[in-house]
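Colleague: The structure follows.
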Amino acid sequence: MPRPDRTASMHPRPPASEPETDHLAPGSPAPSGAGALLLVALALVAFDLRAPLTSVAPLLAPLRGDLRLGDTAAGVLTSLPVLCLGVFAFAAPRLARRHSTRTLLIVALGILALGGAVRAGGSPMALFAGTVLVAAPIGIANVLIPGLIKQRFPRSVPRVSAFYSGALTFGAAAGPAVAVPLAAATGSAWRVPLLLLVVPPAVVTAVVVRVGLDRTRGRKPASEPAPAPAAGSAPAPAAGPLPGPAPAGRPAPLWRSALAWQVTLFFGAQALLSYTVFGWLPTMWQGRGPSPASAGLALSLCNAVGVLGAWLLAVSGRRFADQRAAGVTVACLTATGLTGVVAGPYVLLWPSVAVLGLGLGAGFALALGLFALRAPDTPTTAALSAMGQGIGYLIGVLGPLGAGALHDVTGTWTWPLAGLLIACASQAAVALAAGRARTVTAAAPR
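At position 399 of the sequence shown the residue is numbered 388 (the numbering used here), and the sequence of numbers has no breaks.
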């Protein structure tokens, strides 16, 4: 019995009214001009997905004073975005089956702009409602981007994933770095800076995304055979036949896949480590003796060096057949940096922050890249991204909450450090499985 055509079954021709995103054949990259514009769009999207979240922290003190928020309300405000990232990630695959990525990204950016305006409304109710409206579309867009990279840059998944994750890290660093100067320039303690960091960038990005994806509207599927996988990307599984076609573009049953859970746990460990550092690094830093002003600089350095970590992963990843060594390396770098910050010699504080930034930046790039590298097609990439980020961000919430609770009980950062080192060890162990060059299949594992 002849084998069914995988390309035709997994990527059926869309209706004539379907937007351009679904017209691109799998394995057929965007033209060079459109590809460059898409990279610009990805960089702008990355800024919009992080700066609106990280810009709140440096403005939290005047915000709390203006709205008279207590400690509990402030804790909810800082943890609510991460919770929304996890919860709304699960909605992305269902939406992606009904609408094109282009449409979803533009709508998400529109809701993000609306949320930024509501959040700056000047009342506690507007603040919390706007925070949800800001975080919800970010949670959905987070899931869509790995599938877009898989579809539009099939020959360069590791490099483009690293570029995108580096842009995310830059956006995370730019938010707090720009928020305070904006407050000083505008004379507004928090409302105007939060508004300016969300609404204008989201509108500009929506225009660039639309133009960038319109550049490939109506492009016919390529007739040449699919290109060989790039170095560092995942080839077809070596053991056993290729996975069968997914019906009507639906992804494999990932919840029964051991590999999908391994990728999810790797991302979860990365989220836990990253958000614990983002939330508590300045406090850890001040506990060692440096001034409060240098604590903010240390966090900015950590994020800035993370961009370098993502770039180094992209360059070095081309030389390896899989990602096991990279996964273990980023876990070790993160553990080394955390140990140096909390318990190392005072003279090594700044180098430790730099090492920590390298580990977190490269680790995040790898965690995002695994969604595309371990999926055989775009629908499965979207589903794996939703599973990994949905569960992963919910795991990530536990990091800053657990670290804060342990510090309150013990009065020291030694026990929180021990918990974070366990997370690093777990990430390294999971990387040995998730980093193997294979893809999830439609059949449930035994």
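Don't be surprised by glycine CBs; every beta carbon is placed ideally from N, CA and C.
(1) Just how far apart, CA to CA, sit Leu183 and Arg57?
(2) Answer yes or no: do Leu94 and Ala130 have a C-beta to C-beta separation smaller than 9 Å?
(3) Roughly how many whole angstroms lie between the Cα atoms of Phe256 and Asp203?
(4) Which of the three DSSP states, helix, strand or coil, is assigned to Ala215?
(5) Where Thr401 and Val200 are concerned, what is the direct C-alpha to C-alpha distance, given to the nearest angstrom?
(6) Return the first residue and the last residue of the alpha helix (DSSP H) that Trp274 is part of.
(7) Between which two residues does the alpha helix (DSSP H) harbouring Pro182 extend?
(8) Kindly list the residues whose CB is nearer than 7 Å to the CB of Arg39, restricted to its own chain and excluding five residues on each side of it in sequence; keep chain order.
(9) Going straight from the alpha carbon of Thr325 to that of Ala423, what length do you get?
(10) Can you tell me whether Phe55 is helix, strand or coil according to DSSP?
(11) Tell me, to the nearest whole angstrom, how far the beta carbon of Ala166 is from that of Ala299; I am working on the premise that it is less than 8 Å.
(12) In three-state DSSP terms, what is Arg108?
(13) Taking only the alpha-carbon atoms, compute the straight-line gap between Trp404 and His396 and give it to the nearest angstrom.
(14) Return yes when the Cβ of Thr367 is within less than 9 Å of the Cβ of Lys139, no when it is not.
(15) How many Å lie between Thr175 and Ala168 at the Cα?
(16) What's the gap between the Cα of Gln312 and the Cα of Ala356?
(17) What residue range is occupied by the uninterrupted alpha helix (DSSP H) comprising Phe159?
(18) Determine the direct distance from the alpha carbon of Gly381 to that of Gly24, and round the result to whole angstroms.
(19) Evaluate Arg87 with the Cβ neighbour count: other Cβ atoms within 10 Å of its Cβ, from every protein chain shown; 16 or more gives buried, anything less gives exposed.
(20) Note the first and the last residue of the continuous alpha helix (DSSP H) segment covering Asp311.
(21) Taking the CB atoms as reference points, tell me whether Ile127 and Ala97 lie closer together than 9 Å.
(22) With DSSP collapsed to three states, give me the class of Asp366.
(23) Are Val132 and Ala371 closer than 9 Å when you measure CB to CB?
(24) Report all residues from its chain with a CB closer than 7 Å to the CB of Gly391; omit the five preceding and five following residues, and keep chain order.
(25) Restricting to Cα atoms, I'd like to know which of Gly333, Leu262 and Gly329 is closest to Arg349.
(26) May I ask which residues mark the beginning and end of the alpha helix (DSSP H) holding Pro82?
(27) How big is the Cα-Cα spacing for Pro389 and Val65?
(28) Output the boundary residues of the alpha helix (DSSP H) element that contains Leu337.
(29) With a Cβ-Cβ cutoff of 9 Å, do Leu362 and Ala178 count as a contact?
(30) Using DSSP with H/G/I as helix, E/B as strand and the rest coil, what is Arg91?
(31) Whole angstroms are fine: how far does the CA of Pro189 sit from the CA of Ala332?
(32) If Val71 sits next to Tyr264, beta carbons under 8 Å apart, how far is it from one beta carbon to the other, in whole angstroms?
(33) By a C-beta neighbour count over all protein chains shown, 10 Å radius and 16 as the cutoff for buried, is Leu337 buried or exposed?
(34) Can you round the beta-carbon distance between Gly346 and Asn292 to whole angstroms, since I take them to be within the 8 Å contact cut?
(35) Tell me which residues share the same chain as Leu243 and place their Cβ nearer than 7 Å to its Cβ, disregarding the 5 neighbours each side in the sequence.
Modeller: A quick look at the data gives this:
(1) Indexing the sequence shown from 1 puts residue 183 at position 194. Indexing the sequence shown from 1 puts residue 57 at position 68. The straight-line gap from Cα to Cα measures roughly 18 Å.
(2) One-based indexing of the sequence shown puts residue 94 at position 105. One-based indexing of the sequence shown puts residue 130 at position 141. Contact flag set, yes.
(3) Taking the sequence shown and counting its residues from 1, the one referred to as residue 256 is at position 267. Taking the sequence shown and counting its residues from 1, the one referred to as residue 203 is at position 214. Roughly 32 Å between the two C-alpha positions.
(4) On the sequence shown, residue 215 is found 226 positions in, with the first residue counted as 1. Caution is warranted here: a pLDDT of 38 is assigned to Ala215, below 50, making its placement in the model unreliable, and no coordinate value can be reported.
(5) Within the sequence shown, residue 401 is the residue found at index 412, counting from 1. Within the sequence shown, residue 200 is the residue found at index 211, counting from 1. So the alpha carbons of these two residues sit roughly 52 Å apart.
(6) What you label residue 274 is simply residue 285 of the sequence shown in a count that begins at 1. Its alpha helix (DSSP H) spans residues Ala247 to Gly276.
(7) Indexing the sequence shown from 1 puts residue 182 at position 193. Pro182 -> alpha helix (DSSP H) spans Arg180 to Leu185.
(8) For the purposes of this step, residue 39 is taken as the residue at position 50 of the sequence shown. Closer than 7 Å at the Cβ level, and outside the excluded window around Arg39, lie Leu157, Gly160, Ala161 and Gly164.
(9) On the sequence shown, position 336 is the one that residue 325 refers to. On the sequence shown, position 434 is the one that residue 423 refers to. Using only the alpha carbons, I get a separation of about 22 Å.
(10) Locating residue 55 in the sequence shown gives position 66, where the first residue counts as 1. What sits at residue 55 in the sequence shown is Asp, not Phe. Three-state result, Asp55: helix.
(11) Working through the sequence shown from its first residue, we reach residue 166 at position 177. Working through the sequence shown from its first residue, we reach residue 299 at position 310. No, Ala166 and Ala299 are not in contact; Cβ-Cβ is about 18 Å, not under 8 Å.
(12) One-based indexing of the sequence shown puts residue 108 at position 119. Here Arg108 sits in helix by DSSP.
(13) Residue mapping note: residue 404 aligns to position 415 of the sequence shown, counting from 1. Residue mapping note: residue 396 aligns to position 407 of the sequence shown, counting from 1. The straight-line gap separating the alpha-carbon atoms of Trp404 and His396 is approximately 7 Å.
(14) In the sequence shown, the residue the question calls residue 139 occupies position 150. In the sequence shown, the residue the question calls residue 367 occupies position 378. The answer is yes: Cβ separation under 9 Å.
(15) Taking the sequence shown and counting its residues from 1, the one referred to as residue 175 is at position 186. Taking the sequence shown and counting its residues from 1, the one referred to as residue 168 is at position 179. If I take the Cα positions, the gap works out to 11 Å.
(16) What you label residue 312 is simply residue 323 of the sequence shown in a count that begins at 1. What you label residue 356 is simply residue 367 of the sequence shown in a count that begins at 1. Spanning the two alpha carbons is a distance of roughly 10 Å.
(17) By one-based count along the sequence shown, residue 159 stands at place 170. Here the alpha helix (DSSP H) through Phe159 covers Val146 to Thr175.
(18) To locate residue 24, count along the sequence shown from 1; it is residue 35. To locate residue 381, count along the sequence shown from 1; it is residue 392. C-alpha separation (whole angstroms): 30 Å.
(19) Numbered from 1 along the sequence shown, position 98 holds the residue referred to as residue 87. Burial call: exposed.
(20) Along the sequence shown, one-based indexing puts residue 311 at 322. DSSP places Asp311 in no alpha helix (DSSP H); its state is neither H nor E.
(21) The residue labelled residue 127 in the question sits at position 138 within the sequence shown. The residue labelled residue 97 in the question sits at position 108 within the sequence shown. Yes, the Cβ-Cβ distance between Ile127 and Ala97 is below 9 Å.
(22) For this step, residue 366 is matched to residue 377 along the sequence shown. Reduced to three states, the DSSP call for Asp366 is coil.
(23) Looking up residue 132 in the sequence shown gives position 143. Looking up residue 371 in the sequence shown gives position 382. Yes.
(24) One-based indexing of the sequence shown puts residue 391 at position 402. Hits under 7 Å: Gly408.
(25) Here residue 349 refers to the residue found at position 360 when the sequence shown is read from its first residue. Residue 349 is actually Leu in this sequence, not Arg. The shortest Cα separation from Leu349 among Gly333, Leu262 and Gly329 belongs to Leu262.
(26) Position 93 of the sequence shown, counted from the first residue, corresponds to residue 82. Run containing Pro82: Ala81 to Arg87, per the alpha helix (DSSP H) assignment.
(27) Locating residue 389 in the sequence shown gives position 400, where the first residue counts as 1. Locating residue 65 in the sequence shown gives position 76, where the first residue counts as 1. Looking at the two C-alpha atoms, the distance is approximately 12 Å.
(28) On the sequence shown, position 348 is the one that residue 337 refers to. Counting along the chain, Leu337 falls outside any alpha helix (DSSP H), and DSSP gives it neither H nor E.
(29) Position 373 of the sequence shown, counted from the first residue, corresponds to residue 362. Position 189 of the sequence shown, counted from the first residue, corresponds to residue 178. Contact: no.
(30) The residue you call residue 91 lines up with position 102 of the sequence shown. Arg91 falls in the helix class under three-state DSSP.
(31) Indexing the sequence shown from 1 puts residue 332 at position 343. Indexing the sequence shown from 1 puts residue 189 at position 200. If you take the alpha carbons of Ala332 and Pro189, they lie about 43 Å apart.
(32) In the sequence shown, residue 71 corresponds to position 82, counting from 1. In the sequence shown, residue 264 corresponds to position 275, counting from 1. Contact flag correct, Cβ pair sits at about 6 Å.
(33) Residue mapping note: residue 337 aligns to position 348 of the sequence shown, counting from 1. By the neighbour-count rule (16 or more Cβ atoms within 10 Å), Leu337 is not buried but exposed.
(34) Stepping through the sequence shown from its first residue, residue 346 is reached at position 357. Stepping through the sequence shown from its first residue, residue 292 is reached at position 303. Yes, they are in contact, since the Cβ atoms of Gly346 and Asn292 sit about 7 Å apart, within 8 Å.
(35) Against the sequence shown, residue 243 aligns to sequence position 254. Contacts found: Ala249, Ala372, Leu373, Met376 and Val429.
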